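To start, the structure itself, in C-alpha cells.
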Amino acid sequence: IKEDFEIIDKKQIPNTTELKNEEKEKTEEARWSAPILSLAKKASENLALSYGSALKSASLVGFISKPVSNDSTAKTSARCHAMEERANLMNMMKLSIKILIQSALSLGRTLDSDFPPLQQFFVVLEHCLKHGLKVKKTFIGQNKSFFGPLELVEKLCPEASDIATSVKNLPELKTAVGRGRAWLYLALMQKKLADYLKVLLDHKHLLSEFYEPDALMMEEEGAVIVGLLVGLNVIDANLCLKGEDLDSQVGVIDFSLYLKETQDSDGKQDGGITAVLDQKHYVEELNRHLSCTVADLQNKIDCLEKTNSKLQEELAAATDRIGSLQEEQQQLKQQNELIRERSEKSVEVTKEDTKVELDTYKQSRQGLDEMYSDVWKQLKEEKKIRLELEKELELQIGMKTEMEIAMKLLEKDTHEKQDTLVALRQQLEEVKAINLQMFHKSQNAECSLQQKTEAISSFEGKTNEMMSSMKQMEERLQHAEKARQAAEERCNKMKQELGGRLDTCRQQMSQLDSKCSTLEKELKSEKEQRQTLQRELHQEKDATTLLKTELQQMEGLKKELRKLQDEKQQLEKVCEEQEQALQEMGLHLSQSKLKMEDIKEVNKALKGHTWLKDDEATHCKQCEKEFSISRRKHHCRNCGDIFCNTCSSNELALPSYPKPVRVCDTCHTLLLQRCSSNSS
Numbered sequence: 001i002k003e004d005f006e007i008i009d010k011k012q013i014p015n016t017t018e019l020k021n022e023e024k025e026k027t028e029e030a031r032w033s034a035p036i037l038s039l040a041k042k043a044s045e046n047l048a049l050s051y052g053s054a055l056k057s058a059s060l061v062g063f064i065s066k067p068v069s070n071d072s073t074a075k076t077s078a079r080c081h082a083m084e085e086r087a088n089l090m091n092m093m094k095l096s097i098k099i100l101i102q103s104a105l106s107l108g109r110t111l112d113s114d115f116p117p118l119q120q121f122f123v124v125l126e127h128c129l130k131h132g133l134k135v136k137k138t139f140i141g142q143n144k145s146f147f148g149p150l151e152l153v154e155k156l157c158p159e160a161s162d163i164a165t166s167v168k169n170l171p172e173l174k175t176a177v178g179r180g181r182a183w184l185y186l187a188l189m190q191k192k193l194a195d196y197l198k199v200l201l202d203h204k205h206l207l208s209e210f211y212e213p214d215a216l217m218m219e220e221e222g223a224v225i226v227g228l229l230v231g232l233n234v235i236d237a238n239l240c241l242k243g244e245d246l247d248s249q250v251g252v253i254d255f256s257l258y259l260k261e262t263q264d265s266d267g268k269q270d271g272g273i274t275a276v277l278d279q280k281h282y283v284e285e286l287n288r289h290l291s292c293t294v295a296d297l298q299n300k301i302d303c304l305e306k307t308n309s310k311l312q313e314e315l316a317a318a319t320d321r322i323g324s325l326q327e328e329q330q331q332l333k334q335q336n337e338l339i340r341e342r343s344e345k346s347v348e349v350t351k352e353d354t355k356v357e358l359d360t361y362k363q364s365r366q367g368l369d370e371m372y373s374d375v376w377k378q379l380k381e382e383k384k385i386r387l388e389l390e391k392e393l394e395l396q397i398g399m400k401t402e403m404e405i406a407m408k409l410l411e412k413d414t415h416e417k418q419d420t421l422v423a424l425r426q427q428l429e430e431v432k433a434i435n436l437q438m439f440h441k442s443q444n445a446e447c448s449l450q451q452k453t454e455a456i457s458s459f460e461g462k463t464n465e466m467m468s469s470m471k472q473m474e475e476r477l478q479h480a481e482k483a484r485q486a487a488e489e490r491c492n493k494m495k496q497e498l499g500g501r502l503d504t505c506r507q508q509m510s511q512l513d514s515k516c517s518t519l520e521k522e523l524k525s526e527k528e529q530r531q532t533l534q535r536e537l538h539q540e541k542d543a544t545t546l547l548k549t550e551l552q553q554m555e556g557l558k559k560e561l562r563k564l565q566d567e568k569q570q571l572e573k574v575c576e577e578q579e580q581a582l583q584e585m586g587l588h589l590s591q592s593k594l595k596m597e598d599i600k601e602v603n604k605a606l607k608g609h610t611w612l613k614d615d616e617a618t619h620c621k622q623c624e625k626e627f628s629i630s631r632r633k634h635h636c637r638n639c640g641d642i643f644c645n646t647c648s649s650n651e652l653a654l655p656s657y658p659k660p661v662r663v664c665d666t667c668h669t670l671l672l673q674r675c676s677s678n679s680s
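Final position of the sequence shown in UniProt numbering is 680; the numbers increase by one with none missing.
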C-alpha cells in the first residue's frame, strides 16, 4: 500500500536559530501548555508500548472463550484467560483509536462509512461490548446481543431518546445486532459515544443483568476504553445508514492495518519533517485561538470588575439608604410613643367623661320613665274622649250628606228651568234676526222704489201683504214677550223659595262649623302636647346618639393605634429585609470575587479545546435551523463554531492546515477580504 506525501520547499523549513527565537518569544504563552504536552507525550509512549504487545497477543491468542470446567484449576485458568482477553481487547482498542485519529487528521477529520480504519474500530468496539454477555433464553432460541444494555441509555440519559427512536424507525433493521450497530453509528456522529458509555458504567448494578462479573464492561478496562473514546470527538463522521446491510455484516478484525505500521516505519522517517511542520502549524493555530480566548477572558474580567464597582456603589447607596431608613424608623418610633401617650390620655379622659355622662343619663332616664308613665295615662284618657267625639262627628257628617243630597236635587231643578229659559231666548234671537232681515229687505225695497218709480204701482199690493205679515209677526212677538215675563216671574218665585231653603241650610252649616271648630281646637291642643312629648323623646335620642358617636370615636382611636402598630411591624420587616439584601449583596460580591479568581486561574491553566462543544449547539449559528440526523453538525476550522452543511460548504487553506479545510460563510468572506487586502 502506497502512502501520499506532500512536497515542501526547503525555504519553508525553518532554521534552528529561528525555531529557538520563536520558542523564546513563546515561552511565556506556552507555560500553561506544558502539562498538556507532557500528558500527550505519556499517552503516545503508552500507545507505543501497547502496540507491540497487542500485535504479539493478537497473533497468538484468539477471541473465542473456552468452556469452563468444574475443577479449581479450570476456574483459575478461565479467570486468567478472561484477563488475557480483556487486556488484548483493550490493547486492540487503543491501536484502532490511535490509527483512526491519525488517519482522520491526515484526511481532514471527515470520515465516511467506507473508511477501513473506521470499520475496524466498530468491529473492535463490538467485540468489546460482546465480551462477557449473558445468554438470554427465549421461545425462539438463545439470544446474545449487545443492544440490550444500549437501550438502558435512553432511560438514564433522555438526550439519547432521538437515537433510540430513529433506530427503531429504520425499516431495514430486523435484528438486534443491526440495531446495536446503527446505534453506535449515530452516537459517533453526535460525538457522544463516550458520554453514553460512561453513563452505563456509572450504573453497573443495571449492567449486571446483561454481563458476567468478569466481563470487560464490568471491570476497570471498560473505564479505560471510555476514556480513550473521548479523543474521537475531534473527528467528524458522515455515516449513511440507508442502503447498508447492518444485520448480516461479519465482525472480523483485520490485523493488516496494524502490521503495516511496523513494516513501513523505516519509510516514514523521511516524512518526519512534514510531521514536524504540521505540529508547528497546529501549535501556532492553538496559540492563536488561545490568545483570542485570553483576550475574551480579559474583556470578561474587565466587565466583571466594572460590575463589581457598580455593585460596590450600589452597596454604599444601600447602606446610606439603610441609615436614613433607620433614622426615619427612630423618628417614627418616637412619634408612635407620643401618639400612644396622647391616645392613652385621651382614652382615660373619655372614660371618665363617659362614666359621668352615664350617671346623668341614668338619672334623666328615671325621670323620663316617670314622665312617660304619666303621659301614657293622659293619652289613654284623651283616646277615650276622642272616640266619643268621633262618634258625634260621624252623626253630623251623616246629616251633612243628607243636606247635600237635597241641595243637589234643588240645583237640578234650577238647571232644568235655566235650560228652558235659554231655549226661549234663542227663539227670541231668531225672531230678531228675521226682523232684521226684513228690515234690510225693506230698505232695499225703498231703494228700488226710488230707482224704479214706475214699478211702485205693481209692487204696492205686495207691500200691503208684507205689512200685514209684519203685523202678524209683531203680535207674535208681543205674545212671546208676555210668556217670557211670566217665566221670569216664575223663576223669581223659585229663587225666593230656594233662597229661604239655602238660608236655613246655611244656619245649620254654621252651627256644625262652630262645633267642628271647637273639636279642632281641642285636637290641636292634644297635638301640641303630643309634639312636646315627642320633642323630649327626640332630645333623649340625640343624647344617646352623641354617646354612641363618642364610643365610635373611641373605637376609631383604638383602630388607629392598631394601624400604627401594624405600620411599625411592617417597617421592622422592611428593615430586616434590607439587612438580608445587604447580606445577599455581600455574598454576591464574595461570589463575584471568587469567580474572578477562578477565571484568572482558568486563564492561567487554559487548555487547547477552543471549539464549541456539541452539547451546547442545538441550532445552526447562521441560519438558526435545528440540527437533526439529516441536518448534521460541522465545525468551522477558523472560528470553532458549529454550522450546518449548507452554511459551511466552503473550503480554504489555513496556516494550521496544509490542505483546504471546511470554513463557514462569514469566515470565508473575511479571509477572502484579508487575502485581497494583503495582495493589494
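Here a beta-carbon is modelled for each residue, glycine too, at the ideal position from N, C-alpha and C. Please read all numbers here as calculations on a predicted model, not as lab measurements.
Secondary structure of Asn645 (DSSP, three-state): coil.
Asn650 sits in a strand when the DSSP states are folded into three classes.
For Arg501 and Lys377, the gap between their C-alpha atoms comes out near 47 Å.
In this model, Lys462 and Ala486 are separated by some 36 Å (Cα to Cα). Residues of the same chain with a CB within less than 7 Å of the CB of Pro660, apart from the 5 flanking positions on each side, are Glu651, Leu652, Ala653 in chain order.
Closest option to Phe210, judged by alpha-carbon separation, among Gln565, Leu129, Ala194, Lys417: Leu129. Ser343 places its beta carbon less than 7 Å from that of Leu561. Bounds of the alpha helix (DSSP H) holding Arg181 are 176-189.
Boundaries of the alpha helix (DSSP H) harbouring Val199: 193-202, taken from the DSSP string. DSSP lists Tyr211 as the bridge partner or partners of Leu133. The Cβ neighbour count for Lys625, taken over all protein chains shown within 10 Å, is under 16; the residue is labelled exposed.
7 Å or more divides the Cβ of Ala182 from the Cβ of Leu95.
Annotation: the continuous beta strand (DSSP E) that includes Pro660 extends over 660-663. The stretch 179-193 makes contact with the stretch 160-171; the number of CB pairs closer than 8 Å reaches 3 or more. An exposed status is given to Ser106, since fewer than 16 other beta-carbon atoms sit within 10 Å of its beta-carbon. Proximity to Phe147 across Gln120, Val135, Cys157, Gly178 peaks at Gly178, based on C-alpha coordinates.
Looking at the DSSP output, Glu626 bridges to His619.
Taking all protein chains shown into account, Gln120 has 16 or more neighbouring C-beta atoms within 10 Å of its C-beta and is therefore buried.
Check the Cα spacing between Thr307 and each of Asp245, Leu589, Met494: the tightest is with Leu589.
Put simply, the backbone Cα of Val199 is about 15 Å away from that of Glu221. Remark: fewer than three beta-carbon pairs, one from each stretch, lie closer than 8 Å, so the stretch 481-496 and the stretch 360-376 are not flagged as touching. The Cβ atoms of Leu410 and Leu498 lie closer than 7 Å to each other. Partner residues in the beta bridge of His635, as assigned by DSSP, are Ile642.
In chain order, His131, Gly132 place their CB closer than 6 Å to the CB of Ala215, counting only its own chain and leaving out the 5 sequence neighbours on each side. Assignment of Leu612 by DSSP, reduced to helix, strand and coil, places it in the coil class. When Asn444, Cys636, Arg490, Ser592 are compared, the shortest CA-CA separation from His289 is found for Cys636.
One thing to note: Leu304 has its Cβ within 7 Å of the Cβ of Met596. Collapsing the DSSP output to three states places Ile225 in a helix.
The alpha-carbon separation between Gln329 and Leu571 amounts to approximately 7 Å.
Here the alpha carbon of Leu170 sits roughly 17 Å from the alpha carbon of Glu154. Per DSSP, reduced to three states, the secondary structure at Pro655 is coil, with no helix or strand assignment.
Inclusion of Gln578 and Ile322 in the CB contact set at 7 Å is warranted, their separation being smaller than that value. In its chain, beyond the 5 residues on either side, Pro655, Ser656 have a beta carbon closer than 8 Å to the beta carbon of Glu284. For Lys174, the closest C-alpha among the options Leu207, Leu125, Gln249, Asp665 is that of Gln249. Of the residues Leu672, Leu152, Ile97, the one whose Cα lies closest to the Cα of Lys204 is Leu152.
Non-local beta-carbon contacts of Leu564 in its own chain, meaning distances under 6 Å to residues more than five positions away in sequence, involve Asn336 in chain order.
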